[in-house]
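Just so we're aligned, residue 1 is where the sequence shown starts under the UniProt record's numbering, counting upward by one.
Right, one structure below, let's go through it.
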Amino acid sequence: MGSGATGSGRGARPTVTRRREVSDASARSLLTTVLGEYVLPQGEPVWTQTIVDVLGRFEIEEKSARQALARVAAEGWLSSERVGRRVRWALTPPGRRLLVEGAERIYGFGSGNQQWDGRWLVVMVSVPETKRELRHRLRTRLSWAGFGSPEPGVWVSPHVGAEVEAKSILEDLALTSEVMSFIATYGALGDVQRMVAAAWDLQEVAEKYESFIDQFSGLDARTPENALLAQTRMVHEWRRFPFLDPQLPGELLPAKWSGSRATQLFNDNHAAWREPAQRGWRDLIAQQA
Numbered sequence: 001m002g003s004g005a006t007g008s009g010r011g012a013r014p015t016v017t018r019r020r021e022v023s024d025a026s027a028r029s030l031l032t033t034v035l036g037e038y039v040l041p042q043g044e045p046v047w048t049q050t051i052v053d054v055l056g057r058f059e060i061e062e063k064s065a066r067q068a069l070a071r072v073a074a075e076g077w078l079s080s081e082r083v084g085r086r087v088r089w090a091l092t093p094p095g096r097r098l099l100v101e102g103a104e105r106i107y108g109f110g111s112g113n114q115q116w117d118g119r120w121l122v123v124m125v126s127v128p129e130t131k132r133e134l135r136h137r138l139r140t141r142l143s144w145a146g147f148g149s150p151e152p153g154v155w156v157s158p159h160v161g162a163e164v165e166a167k168s169i170l171e172d173l174a175l176t177s178e179v180m181s182f183i184a185t186y187g188a189l190g191d192v193q194r195m196v197a198a199a200w201d202l203q204e205v206a207e208k209y210e211s212f213i214d215q216f217s218g219l220d221a222r223t224p225e226n227a228l229l230a231q232t233r234m235v236h237e238w239r240r241f242p243f244l245d246p247q248l249p250g251e252l253l254p255a256k257w258s259g260s261r262a263t264q265l266f267n268d269n270h271a272a273w274r275e276p277a278q279r280g281w282r283d284l285i286a287q288q289a
């Protein structure tokens, strides 16, 4: 998504990068953020126009906003009710459950804070060069699960509990007969930091954290409208980090890891902006009453 809120002077308001077009996927993703941040805690149905209005503040066109609503409803997250000529939307029990799980992941995420007993999960899986599509799917899914690959066919994670997810991935890809796994500690040979550098591109992750810090530091979000915009944008941007950051223990991370500072900034801002942002949402609701 585009840049977040900027400016810290008195009366400043967060701004949003303007784009000529916003894809349906972007509209759906932002809608998910709005549902989790406002509709879920408020616990009340929301009018179509309220969703259209708030997404419009992020340059989402009305057509894209309505399409996103329809798609989320088709997936079972929302149910609709017609009241006169208007339609309002309520979270279904499955939708509420998914959003609660997502909120726990987002708000519970913190980079560089994990306790570690020094053990590694090592997964060795062989996929022939001729099966390039399968190799790509395996790499994509294991990477999203936080695994790194220091050598071809070797995947490692400092979270031994990730073996359950690895097993599920390999079963889905019908690769369980081609795999071996071990729980081990790093030996006396070689350098663990070089292995970590080969397995994960931490520099790229750090740069994304630095960008997040630049966007959301020193903002004036005291008014309900400013807080609504800033909080929505910040949570929307933060949602990607649990999937980008392998969440390595602190001793495996570079010195002055920017993820730790970004985590603190997110937690501080979210706590400070939560109440005015919720007031901003309630103001939108009142305008549609």
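For glycine and all other residues, C-beta sits at the position ideal for the given N, C-alpha and C.
Candidates the options: closest to residue i by CA position
i: V52; options: R135, T140, R28; result: R28
i: A166; options: L142, I183, E101, W238; result: L142
i: W200; options: G187, K256, L228, R139; result: R139
i: T185; options: E62, V156, W257; result: V156
i: R88; options: E101, T50, V100, G95; result: T50
i: G76; options: R57, R96, R86, E62; result: R96
i: A103; options: R279, N269, R239; result: R239
i: R274; options: R135, K256, E225; result: E225
i: P246; options: G148, F212, E210; result: G148
i: Q42; options: Q287, Q288, W281; result: W281
i: A286; options: G250, V122, V46, S211; result: V46
i: A227; options: A188, L170, H270, A206; result: H270
i: A145; options: T130, E129, L121; result: L121
i: Q193; options: S258, G218, L248; result: L248
i: L202; options: A221, V235, G250; result: G250
i: G218; options: V83, D268, R71; result: D268
i: F182; options: L229, V164, P94; result: V164
i: P94; options: E81, V72, R82, L229; result: V72
i: A272; options: A289, D220, A197; result: D220
i: L229; options: A198, R279, E171; result: R279
i: E171; options: L134, L265, D191, A289; result: L134
i: S80; options: Y107, F58, E101, E44; result: E44
i: L265; options: K131, V160, Y107; result: Y107
Close Cβ partners of residue i (< 8 Å) along its chain, the five nearest in sequence each way excluded
i: T263; result: F109, G110, S111, G112, N113
i: R105; result: P242
i: A65; result: A27, L31, I51, V52, L55, G56
i: A206; result: P254, W257, S258, G259
i: residue 324; result: Outside the modelled stretch of the chain, which goes from 1 to 289, sits residue 324, for which no answer is possible.
i: A162; result: L121, A145, G146, F147
Rounded distance between the beta-carbons of residue j and residue i, thought under 8 Å
i: S177; j: G153; result: Their Cβ separation, rounded to whole angstroms, is 15 Å, which puts S177 and G153 out of contact at 8 Å.
i: M195; j: P254; result: The pair is not a contact, with the Cβ atoms about 14 Å apart (cut-off 8 Å).
i: A90; j: L31; result: At roughly 15 Å, the Cβ-Cβ gap does not stay under 8 Å, so A90 and L31 are not in contact.
i: T33; j: T232; result: 6 Å
i: L99; j: L35; result: 6 Å
i: L173; j: R137; result: 6 Å
Residues near residue i by beta carbon distance below 7 Å, same chain, minus five either side
i: K208; result: L244
i: D283; result: P224
i: P158; result: W116, W120, L248, P249, L252
Residues near residue i by beta carbon distance below 6 Å, same chain, minus five either side
i: M180; result: M124
i: P276; result: P224, A227
i: E37; result: V235
i: E210; result: S258
i: G118; result: T185
i: T130; result: none
i: Q288; result: W47, Q49, T50
Buried versus exposed, by CB contacts within 10 Å (16 or more), residue i
i: K63; result: exposed
i: I169; result: buried
i: V39; result: buried
i: V83; result: exposed
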